[in-house]
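*Asks:* One structure is given below, represented as structure tokens, and several questions about it will come after.
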Amino acid sequence: MSDVRSFIAARTAELEPLYRDCGLACWDANITGKPEDFDRMATLQKQTLDIFSNTENFEKVKAFRADPALKSDPLLARQIELLYNWYRGAQGDQELLKRIVDLESEVVREFNVYRADYDGEKRGNNYLEEILKTTRNSDEAKATWEALKQVGPIAAPRIVELVKLRNQHARNLGCSNFYQLSLELNEIDQDWLFDLLGQLEKQSDPLFREMRTELDARLADEFSIAVADLRPWHYRNAFFQEMPPDDSVDLTPTFRDQDLAEITEAYYDSIGLDISEMVEASDLYEKEGKDQHAFCIGIEIPSDVRVLANVKPGEYWASTMLHEFGHAVYYAYVDPELPFFLRNVPHTMTTEAVAMMNERFLSDAGFLEKIAGMDAVRAKEVETARRKYESRKYLVFLRWVLVMTHFERAMYENPDQDLNQLWWKTVERFQWLNGAERHAYPDWASKLHLVSAPVYYHSYLLGEMTASQLLAALRTNVDVEKEGCIGNTKVGAFFVNSLFRHGATKHWNDQMTETTGEPLNPRFFLSDLGA
């Protein structure tokens, strides 16, 4: 195995500093929005492609992978499997791949610097989303919702171009389209995934119908309109990907005057996970030109991990901070002694799971009392009241993921079809929204993920499933019923020892089985939905 070790050592020497530089360039570009920073990011990404496009090295990796003796060293075998997928994805026409990188960078920058025209002024997403969540005027809701879609007509032609270029690359590698290729490179079987989605659609239909009956009646009352007159802009979100706020369980008043960075740090500290250095390294507040969303980035795992956010007072950003620093603690507690290529997570769904799991603690009575400072009796009342709201939040998100996965697969299968019609037919099928007035508009193209995180949305849903299964494992291994989670360092220790420190040493489902005792399945998530 000395030849395998030598090969991995050489690739580590090439890629470790380059990955660090790529991470820093990505960070700078998303903070400043400057063209030169995006150009530098794209240049470094293309240097990475150059390394993985080496056909001679790919042949070596294939030979290593085919050698039965490799199985005797699981860490070596896992590194070779990861390298195989990375090399495979970078084969083919190099000029085409570099054009894809450039176009992705250009369109992401367009999204980041874009500010909608609203009421005679340029407005950012935070401003518009706050109006959409709180207004009781239909005309204002429609105008705000449409402002959030203004980037769509600008981005749509570029996204279609990008889809076609990605498909061309996939066909060069022997796949029918980029959707198929991306799933394969990320160790997801497409038939398994869409069979699972079909099960979840079927089992969630009656729950969604019951929820929509109640929700539609509430929203119609808030806007003083008939239920039949409800349109997408009445659902308090640009995509109905979140449960509309309910004043009876809304935590925004609780967090309106709180320092959300301090709240987040106090929560993680209470379960034995120190995030102080990561908070210090992060960029958490709005700036001109900055990406308006939120993400966590491992510049150099586990030693340099950062979060980009645009924090404003309220429940949304309190929840988002718990989420993003959930990603961060995973990266930060990976064993630093692992080989470079294994100092990561087994799969994006796994880190999404940890982020989502920690986000759920926002509704925990212990969190509300000990971290947010709520009266103990009131905290318990709020936890009970939010239990139904939380299950409905998962339900709304599930139906949104069904939209994104089915739309994106169909888009890659045929990008020349009428994507505006496809979008609204898919929305109407899974979310049951009346989008008849919008069929001529490219509203789908206002979703940044189609550019920056293609073929990714299933990872969020698999992450929610994984989060439910991880929490069940926590309850089995730590007496949280008696001891609680907040202020219990056994919680952090359980996840560090059973999951985080192992990094990417195993296939995602093997790691899931080791951590929870069984492969990933929807049983626990469906229970959380109330099915």
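Using the working numbering, the letters of the sequence shown map in sequence onto residues -6 to 524.
Glycine is no exception: its CB is placed at the ideal position from the N, C-alpha and C atoms.
1) Report yes if the CB atom of L63 is closer than 8 Å to the CB atom of I73, and no otherwise.
2) DSSP has D297 in a bridge; who is on the other side?
3) Tell me the rounded alpha-carbon separation between L11 and L37.
4) For the beta strand (DSSP E) containing E154, name the first residue and the last one.
5) If you compare alpha carbons, which of H442, A365, V156 and I479 is closest to D250?
6) With DSSP as the reference, label R116 as helix, strand or coil.
7) Whose C-beta lies closer than 8 Å to the C-beta of Q234 among residues of the same chain, with five residues either side of it excluded?
8) Measure the C-alpha to C-alpha separation of K546 and D66 and round it to an integer number of angstroms.
9) Just verifying my parser: in three-state terms, what is the DSSP assignment at D328?
10) Who are the Cβ neighbours of A346 in its own chain at under 7 Å, not counting the five residues just before and after it?
11) On the DSSP bridge list, what partners appear for A109?
12) Among residues of its own chain, excluding the 5 on either side of L331, which ones have a beta-carbon nearer than 6 Å to its beta-carbon?
13) For the pair the stretch 475 to 483 and the stretch 264 to 277, tell me if three or more CB-CB distances fall below 8 Å.
14) How would you call S175, buried or exposed, if buried means at least 16 neighbouring beta carbons within 10 angstroms?
15) To the nearest angstrom, how far is it from the Cα of D503 to the Cα of T469?
16) Cβ of E374 versus every heavy atom of the ligand COA: is any distance shorter than 7 Å?
17) Between which two residues does the alpha helix (DSSP H) containing R129 stretch?
18) What is the DSSP secondary structure of F31, reduced to helix, strand or coil?
19) Would you kindly report the start and end of the unbroken alpha helix (DSSP H) that includes W535?
20) Indicate whether L17 and I256 have their beta-carbon atoms separated by less than 8 Å.
21) Classify A134 as buried or exposed, calling it buried when 16 or more other Cβ atoms lie within 10 Å of its own Cβ.
22) Could you name the residues of the same chain whose beta carbon sits closer than 8 Å to that of T508, not counting the 5 residues immediately before and after it, in chain order?
23) Anyone know if the C-beta pair for H316 and W501 falls short of 8 Å?
24) Using three-state DSSP, classify F232 as helix, strand or coil.
25) Take T419 and list the residues in its own chain whose beta-carbon comes closer than 6 Å to its own, dropping the five residues that flank it on each side.
26) Quick one: residues in its chain with C-beta nearer than 6 Å to the C-beta of V298, no 5 flanking neighbours on either side, listed in chain order?
27) Going by other Cβ atoms of all chains shown within 10 Å of its Cβ, with 16 needed for buried, is P150 buried or exposed?
28) For D43, name the three-state secondary structure that DSSP assigns.
29) Which term fits R385, buried or exposed, when burial requires 16 or more other beta carbons within 10 angstroms of its beta carbon?
30) Classify D472 as helix, strand or coil using the three-state DSSP reduction.
31) Could you check where the alpha helix (DSSP H) with D184 kicks off and where it finishes?
32) With DSSP as the reference, identify every bridge partner of F288, one or two as the case may be.
33) Can you grab the Cα-Cα spacing for the pair F31 / E279, in whole Å?
34) Taking all protein chains shown into account, decide if S452 is buried (16 or more other Cβ within 10 angstroms of its Cβ) or exposed.
35) Would you identify the three-state DSSP class for D(-4), choosing helix, strand or coil?
36) By how many angstroms is the C-alpha of T247 removed from the C-alpha of K283?
*Replies:* Once the coordinates are examined:
1) For L63 and I73, yes; Cβs fall inside 8 Å.
2) According to DSSP, residue pairing for D297 in a beta bridge involves E293.
3) A straight-line Cα-Cα distance of about 7 Å links L11 and L37.
4) Counting along the chain, E154 falls outside any beta strand (DSSP E), though it belongs to the alpha helix (DSSP H) covering V144 to N165.
5) Comparing Cα positions, the closest option is A365.
6) DSSP, reduced to helix, strand and coil, places R116 within a strand of the structure shown.
7) Contacts found: V389, F390 and W393.
8) The structure shown does not extend to residue 546, since the chain spans only -6 to 524, so no value can be given for it.
9) For D328, the secondary structure class from DSSP, reduced to helix, strand or coil, is coil.
10) For A346, where only same-chain residues beyond five positions count, the Cβ hits under 7 Å are G456, T459, A460 and L463.
11) A109 is bridged to R116.
12) Excluding residues within five positions, the ones whose Cβ falls inside 6 Å are G496.
13) With a cut-off of 8 Å, the stretch 264 to 277 and the stretch 475 to 483 count as touching, because enough Cβ pairs lie within range.
14) Residue environment: S175 is assigned as buried (16 or more neighbouring CB atoms within 10 Å of its CB, all protein chains considered).
15) Taking the Cα positions, D503 is about 19 Å away from T469.
16) As presented, the structure is devoid of all ligands, the ligand COA included, so that no description of it is given.
17) Bounds of any alpha helix (DSSP H) do not take in R129, whose DSSP letter is neither H nor E.
18) Three-state result, F31: helix.
19) Outside the displayed span of the chain (-6 to 524) sits residue 535, for which this structure offers no information.
20) No, the pair does not count as a contact, with Cβ atoms beyond the cut-off.
21) So A134 ends up on the buried side.
22) L463, A466, S491 and L492, listed in sequence order.
23) Between H316 and W501, the C-beta gap is not smaller than 8 Å, which leaves the two residues out of contact.
24) Note: F232 maps to coil in three-state DSSP.
25) V396, H399 and F400, listed in sequence order.
26) Residues of the same chain with a CB within less than 6 Å of the CB of V298, apart from the 5 flanking positions on each side, are M271, G291, A321, Y324 and A325 in chain order.
27) With fewer than 16 neighbouring CB atoms inside 10 Å of its own CB, P150 falls in the exposed class.
28) DSSP places D43 within a helical segment (H, G or I) once states are collapsed to three.
29) Buried, by the Cβ-count rule.
30) DSSP, reduced to helix, strand and coil, places D472 outside both helices and strands of the structure shown, so it counts as coil.
31) Per DSSP, the continuous alpha helix (DSSP H) segment holding D184 begins and ends at Q183 to F216.
32) L301.
33) Cα to Cα, the separation comes out at about 19 Å.
34) Counting the other Cβ atoms within 10 Å of the Cβ of S452 gives 16 or more, which makes it buried.
35) It is helical.
36) Straight-line Cα distance between these residues: approximately 27 Å.
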